[in-house]
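Structure record follows, encoded as structure tokens.
Protein chains: 2
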Amino acid sequence: MADSKARQVTLRFIADELGLHVSTVSRVLNGRADDGARAASGDTATRVRRLAEELGYQPDPHGSGLRTGRSKLIGVLVPRLSDLVLAMIYEGIDEAAGELGLATITANSRDDEETRRLRTRMLLARRVEGLIFGDASLDSGFLDRLAADGTKFVLVNRRAGDHPAVTADDRLGGRLAAEHLLALGHVDAAVIAGEPYASTGVDRTAGFVGLYRERGLPAPRVLHSPFDTAGGRAAAETLLADADRPTAIFAVNDFAAIGAMGAARDHDLTVGRDIAIMGYNDTPLAAELPLPLTSVAVPVREIGRRALVLLSRLLAGDEIESERLAPTLTARASTGADT
Amino acid sequence: MADSKARQVTLRFIADELGLHVSTVSRVLNGRADDGARAASGDTATRVRRLAEELGYQPDPHGSGLRTGRSKLIGVLVPRLSDLVLAMIYEGIDEAAGELGLATITANSRDDEETRRLRTRMLLARRVEGLIFGDASLDSGFLDRLAADGTKFVLVNRRAGDHPAVTADDRLGGRLAAEHLLALGHVDAAVIAGEPYASTGVDRTAGFVGLYRERGLPAPRVLHSPFDTAGGRAAAETLLADADRPTAIFAVNDFAAIGAMGAARDHDLTVGRDIAIMGYNDTPLAAELPLPLTSVAVPVREIGRRALVLLSRLLAGDEIESERLAPTLTARASTGADT
DNA sequence: CTGAAAGCGCTTACAG
DNA sequence: CTGAAAGCGCTTACAG
Numbered sequence: 057m058a059d060s061k062a063r064q065v066t067l068r069f070i071a072d073e074l075g076l077h078v079s080t081v082s083r084v085l086n087g088r089a090d091d092g093a094r095a096a097s098g099d100t101a102t103r104v105r106r107l108a109e110e111l112g113y114q115p116d117p118h119g120s121g122l123r124t125g126r127s128k129l130i131g132v133l134v135p136r137l138s139d140l141v142l143a144m145i146y147e148g149i150d151e152a153a154g155e156l157g158l159a160t161i162t163a164n165s166r167d168d169e170e171t172r173r174l175r176t177r178m179l180l181a182r183r184v185e186g187l188i189f190g191d192a193s194l195d196s197g198f199l200d201r202l203a204a205d206g207t208k209f210v211l212v213n214r215r216a217g218d219h220p221a222v223t224a225d226d227r228l229g230g231r232l233a234a235e236h237l238l239a240l241g242h243v244d245a246a247v248i249a250g251e252p253y254a255s256t257g258v259d260r261t262a263g264f265v266g267l268y269r270e271r272g273l274p275a276p277r278v279l280h281s282p283f284d285t286a287g288g289r290a291a292a293e294t295l296l297a298d299a300d301r302p303t304a305i306f307a308v309n310d311f312a313a314i315g316a317m318g319a320a321r322d323h324d325l326t327v328g329r330d331i332a333i334m335g336y337n338d339t340p341l342a343a344e345l346p347l348p349l350t351s352v353a354v355p356v357r358e359i360g361r362r363a364l365v366l367l368s369r370l371l372a373g374d375e376i377e378s379e380r381l382a383p384t385l386t387a388r389a390s391t392g393a394d395t
Numbered sequence: 057m058a059d060s061k062a063r064q065v066t067l068r069f070i071a072d073e074l075g076l077h078v079s080t081v082s083r084v085l086n087g088r089a090d091d092g093a094r095a096a097s098g099d100t101a102t103r104v105r106r107l108a109e110e111l112g113y114q115p116d117p118h119g120s121g122l123r124t125g126r127s128k129l130i131g132v133l134v135p136r137l138s139d140l141v142l143a144m145i146y147e148g149i150d151e152a153a154g155e156l157g158l159a160t161i162t163a164n165s166r167d168d169e170e171t172r173r174l175r176t177r178m179l180l181a182r183r184v185e186g187l188i189f190g191d192a193s194l195d196s197g198f199l200d201r202l203a204a205d206g207t208k209f210v211l212v213n214r215r216a217g218d219h220p221a222v223t224a225d226d227r228l229g230g231r232l233a234a235e236h237l238l239a240l241g242h243v244d245a246a247v248i249a250g251e252p253y254a255s256t257g258v259d260r261t262a263g264f265v266g267l268y269r270e271r272g273l274p275a276p277r278v279l280h281s282p283f284d285t286a287g288g289r290a291a292a293e294t295l296l297a298d299a300d301r302p303t304a305i306f307a308v309n310d311f312a313a314i315g316a317m318g319a320a321r322d323h324d325l326t327v328g329r330d331i332a333i334m335g336y337n338d339t340p341l342a343a344e345l346p347l348p349l350t351s352v353a354v355p356v357r358e359i360g361r362r363a364l365v366l367l368s369r370l371l372a373g374d375e376i377e378s379e380r381l382a383p384t385l386t387a388r389a390s391t392g393a394d395t
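Taken in sequence, the protein lines are chains A and B.
Residue numbering for the first sequence follows this note's numbering, starting at 57 and increasing by one per position.
Residue numbering for the second sequence follows this note's numbering, starting at 57 and increasing by one per position.
Here it is as structure tokens:
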């Protein structure tokens, strides 16, 4: 009956229809269906719920938000959603949010301080109840100020300062990578370490280099680069142009590793035989690449889910603590393993 | 002065502070700064604006939304944000939305009918003013019903029925691919066509096959598959297992093409020499792959931007028409070109 | 040019 | 168990 949605149905409409007061209808609809007779007589409650259901009543968040001061909106800031890792983390966040009756609004900061400030301001103007930052910089000045203003937030993927964060154990991940390459005899390795302001790359690098140090080996060479394919290619280009080039490259990101594979090819090196290359995050691509990529897997979706849950607990007034999830390494052909 | 945000600043607060009525303050702040004396005396206007600025006043969208019935929120439904193409389109949408003072809420449908219904309902419950669907199915029943209910929406990337859509000219893109492969002498080609419910893959395939027909050549074999690496690999596996396998494969998606490259490698075929493989979308990865991938570029970000603008015009009551943007082909080593 | 009032849809003490 | 009232923050005719 293509009944053009002339009018959104409101509490008042339902109340009038049933000869009740809006407050009664509100009480019924807000009380949980299973808690018996609390809000109204069983009969009234049933009639209200039936009609609400039939009319497809959906409370107007402007009304309830204005009244309660709660928007049920969470802001999520990421460097860029077109970064697969962040997109997957965001999917986890949004999934968990939906389960808790929250919705998310997201924005890209492109790891730019000014954009970060502006977008955060925009999210706050929308009256988000809390924020999740996936773009934290190790220089946490911005976050420190925000926390001082009383804004509630949780970090995800990257840590910064003492702010509550859900991350993977990146030091451990770097260590796993080093163990793998050392087991294959690569005493001469290099690291494509990502951006120096991101804890992910920094910690993975520290874990990696740490193990080489412990073993009394010369410290691996460390090169910073953007977290993408072009960045990885350029960094590897530099490493391979060197006279005594490394026999193994650990890139802290799969896309950078793919770029490094390209550079190796340009130098007529067969990856997995002439040189070992490994990545990080174990994106779905890694296993399916023409030459499968050894990588360290991080439970990204779960990290996103937990960040949202942590934030919701923070908003509820609970004490919260940072969480750190364990990474796992999968060896594949790009390091000569499992060919 | 870590002045904990005890209280959000409201129109009333500013009004009281200045000895004015809230309605006056509202009028000043809503009138555009440059239209002179309209809303209040120049002096009053200046005082109001100065204080609002100083206090960092941000109107509460619950208040204005309730009053005006406009949420300034747009809903965006995509199959999955972890699909790079959709993530980039979404970035374009969000960018344009920001410029128009709109915010977006997004949700994944995973191309599942029931999820699509539920998530759309959730977005509508949030009182989005309009929707952008990036997950349209050629079977447009769901969208037809939505349109009949008076919901305003625009499609992006995939078309369906007569609903307004911003897409690339996928038929033309498929044709460009066929021209490229035919110019290289590949009379025996196959298509990895993606999901049969998505207009993108269907149209690209139709354009591709159409040119072969026009030239009086046998119709290329067409295989459907998921739009990802694993899907492309499986489809290529089938094609290459065949006795008279094709000399060229056109995958309607770069990730599927990468999967196909993997399958070719498993068959000891050197891509670009023993077999030509090309993709679609020209994702940033394509050019940077160890073996660079020939691909058809689509202006995804621009498509996203235009979809948002189109929707905003629709919401303003304008007549709107679908838009179709032109694709371009870049030849690379994977088809033996430009090695 | 500015004020005063009404009302958007909702929730929540307060009565009875 | 149910009603009546107040008020969240805002905008917008309507006066004057």
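In this text, a Cβ means the ideal position worked out from N, Cα and C, and glycines have one as well.
Model, not experiment: these values are computed from the prediction.
Fill in: Nearest-angstrom Cα separation, counted from E358(A) out to L240(A)
By one-based count along the first sequence, residue 240(A) stands at place 184. By one-based count along the first sequence, residue 358(A) stands at place 302. Pairing L240(A) with E358(A), the inter-Cα distance amounts to about 31 angstroms.
Worksheet item: Assuming L237(A) contacts T384(A) under a Cβ cut-off of 8 angstroms, what Cβ separation, rounded to an integer in Å, is found between them?
Response: Taking the first sequence and counting its residues from 1, the one referred to as residue 237(A) is at position 181. Taking the first sequence and counting its residues from 1, the one referred to as residue 384(A) is at position 328. The pair is not a contact, with the Cβ atoms about 16 angstroms apart (cut-off 8 angstroms).
Fill in: Positions along the region 157–171 of chain A whose CB lies within less than 9 angstroms of some CB in chain B
Under the 9 angstroms Cβ criterion, the region 157–171 of chain A contributes A159, T160, I161, T162, A163 and N164.
Worksheet entry | In chain order, each beta strand (DSSP E) run of at least 3 residues that lies wholly inside the region 142–201 of chain B | Those beta strand (DSSP E) runs which fall completely within the region 142–201 of chain B and span 3+ residues are 159–164 and 186–189.
Worksheet item: Which runs of the alpha helix (DSSP H), 4 residues or longer, sit entirely within the region 259–322 of chain A?
Response: Counting whole runs of 4 or more residues, the region 259–322 of chain A contains the alpha helix (DSSP H) stretches 285–297 and 310–322.
Worksheet item: Touching or not, the region 357–376 of chain A and the region 76–88 of chain B, by the rule of three or more beta carbon pairs under 8 angstroms?
Response: Judged by pairs of C-beta atoms under 8 angstroms, the region 357–376 of chain A does not touch the region 76–88 of chain B, as fewer than three such pairs exist.
Worksheet item: With contact counted as at least three CB pairs below 8 angstroms, one residue from each stretch, are the region 311–324 of chain A and the region 272–289 of chain A in contact?
Response: In this structure the region 311–324 of chain A lies against the region 272–289 of chain A, because at least three pairs of beta carbons, one per stretch, are closer than 8 angstroms.
Discussion item. I'd like to check one pair, F311(A) with D338(A): are the Cβ atoms closer than 8 angstroms?
Written reply: Taking the first residue of the first sequence as 1, we reach residue 338(A) at position 282. Taking the first residue of the first sequence as 1, we reach residue 311(A) at position 255. No; because the gap between Cβ atoms is not below 8 angstroms, this pair is not in contact.
Practice prompt. Could you please give me the residues that DSSP links to S351(A) through a beta bridge?
Written response: In the first sequence, the residue the question calls residue 351(A) occupies position 295. Per DSSP, the beta bridge partners of S351(A) are G335(A) and T386(A).
Worksheet entry | Residue range of the unbroken beta strand (DSSP E) whose run includes R329(B) | For the purposes of this step, residue 329(B) is taken as the residue at position 273 of the second sequence. If you look at R329(B), you'll find it isn't in any beta strand (DSSP E); DSSP assigns it neither H nor E.
Worksheet item: When the Cα atoms are used, what is the spatial distance from V141(B) to T326(A)?
Response: Stepping through the second sequence from its first residue, residue 141(B) is reached at position 85. Stepping through the first sequence from its first residue, residue 326(A) is reached at position 270. V141(B) and T326(A): Cα-Cα distance of roughly 31 angstroms.
Item to complete: List the residues that DSSP assigns as beta-bridge partners of I248(B).
Response: In the second sequence, residue 248(B) corresponds to position 192, counting from 1. Per DSSP, the beta bridge partners of I248(B) are L279(B) and A307(B).
Worksheet item: Quick one, which residues of the region 246–259 of chain B are near chain A if we go by CB-CB under 9 angstroms, in chain order?
Response: Contacts with chain A (Cβ-Cβ distance below 9 angstroms) from the region 246–259 of chain B involve no residue at all.
Fill in: Inside the region 75–135 of chain B only - alpha helix (DSSP H) runs reaching at least 4 residues
78–86, 98–111 and 117–124, all fully within the region 75–135 of chain B.
Worksheet item: Nearest CA to the CA of F189(B): which residue from A143(B), A181(B), R201(B) and P135(B)?
Response: Reading the second sequence from its first residue, position 133 is the one you call residue 189(B). Nearest C-alpha to F189(B): P135(B).
Worksheet item: Between which two residues does the alpha helix (DSSP H) harbouring A221(A) extend?
Response: Working through the first sequence from its first residue, we reach residue 221(A) at position 165. The continuous stretches of alpha helix (DSSP H) do not include A221(A), which lies in the beta strand (DSSP E) extending over residues A221 to A224.
Discussion item. Within a Cβ cutoff of 6 angstroms, which residues of the same chain sit near A163(B), ignoring the five residues on either side of it in sequence?
Written reply: Along the second sequence, read from residue 1 onward, the residue named residue 163(B) stands at position 107. Shown here for A163(B): same chain residues with a beta carbon closer than 6 angstroms to its own, the five before and five after excluded, namely L133 and R175 in chain order.
Practice prompt. Give the DSSP-derived three-state secondary structure of R214(B) in the structure shown.
Written response: Mapped onto the second sequence, residue 214(B) falls at position 158. R214(B) falls in the coil class under three-state DSSP.
Discussion item. So with CB distances below 9 angstroms, who are the chain A contacts of H118(B)?
Written reply: Numbered from 1 along the second sequence, position 62 holds the residue referred to as residue 118(B). H118(B) reaches chain A at P117, H118, G119, S120, G121, L122, R123, G125, S127 and R183, counting residues in chain order whose Cβ is nearer than 9 angstroms.
Practice prompt. Could you check which residue in V210(B), P276(B) and S196(B) has the C-alpha nearest to that of Y253(B)?
Written response: Here residue 253(B) is taken as the residue at index 197 of the second sequence, counted from 1. The residue with the shortest Cα to Cα distance from Y253(B) is S196(B).
Worksheet item: Are the CB atoms of S9(B) and A216(B) nearer to each other than 8 angstroms?
Response: Given a span of 57 to 395 for chain B in the structure shown, any question on residue 9(B) remains unanswerable.
Worksheet item: Quick one, are the C-beta atoms of L347(A) and G328(A) less than 8 angstroms apart?
Response: Within the first sequence, numbered from 1, the residue matching residue 347(A) stands at position 291. Within the first sequence, numbered from 1, the residue matching residue 328(A) stands at position 272. Taking 8 angstroms as the Cβ cut-off, L347(A) and G328(A) qualify as a contacting pair.
Discussion item. DSSP three-state label for E379(B), please.
Written reply: On the second sequence, position 323 is the one that residue 379(B) refers to. Shown here, E379(B) sits in a strand according to DSSP, grouped into three states.
Worksheet item: For the region 275–287 of chain B, which residues have a beta carbon sitting closer than 9 angstroms to at least one beta carbon of chain A?
Response: Those residues of the region 275–287 of chain B that come within reach of chain A (Cβ to Cβ, closer than 9 angstroms) are D284, T285 and A286.
Discussion item. I want to see whether chain A comes within less than 8 angstroms of L396(B), judged by CB atoms only; does it?
Written reply: Nothing about residue 396(B) can be read from this structure; chain B reaches only from 57 to 395.
Worksheet item: For the alpha helix (DSSP H) that contains L367(B), what are its first and last residues?
Response: Numbered from 1 along the second sequence, position 311 holds the residue referred to as residue 367(B). DSSP places L367(B) inside the alpha helix (DSSP H), whose first and last residues are V356 to L371.
Worksheet item: Nearest-angstrom Cα distance between V258(A) and A249(A)?
Response: As a first step, residue 258(A) is located in the first sequence; it is residue number 202 there, counting from the start. As a first step, residue 249(A) is located in the first sequence; it is residue number 193 there, counting from the start. One alpha carbon belongs to V258(A), the other to A249(A), and they sit about 7 angstroms apart.
Worksheet item: Name the DSSP beta bridge partners of F209(B), please?
Response: Looking up residue 209(B) in the second sequence gives position 153. According to DSSP, F209(B) shares a beta bridge with L187(B).
Worksheet entry | T391(B), DSSP secondary structure in three states | Here residue 391(B) refers to the residue found at position 335 when the second sequence is read from its first residue. In the three-state reduction of the DSSP assignment, T391(B) falls in the helix class, which pools H, G and I.
Worksheet item: Is the beta carbon of H118(B) sitting closer than 8 angstroms to the one on H118(A)?
Response: Counting from one through the second sequence, the residue named residue 118(B) turns up at place 62. Counting from one through the first sequence, the residue named residue 118(A) turns up at place 62. In contact: H118(B) and H118(A) (Cβ atoms closer than 8 angstroms).
Item to complete: Within 10 angstroms of the Cβ of P302(A), are there 16 or more other Cβ atoms? Answer buried if so, exposed if not.
Response: By one-based count along the first sequence, residue 302(A) stands at place 246. Buried, because 16 or more other Cβ atoms sit within 10 Å of the Cβ of P302(A).
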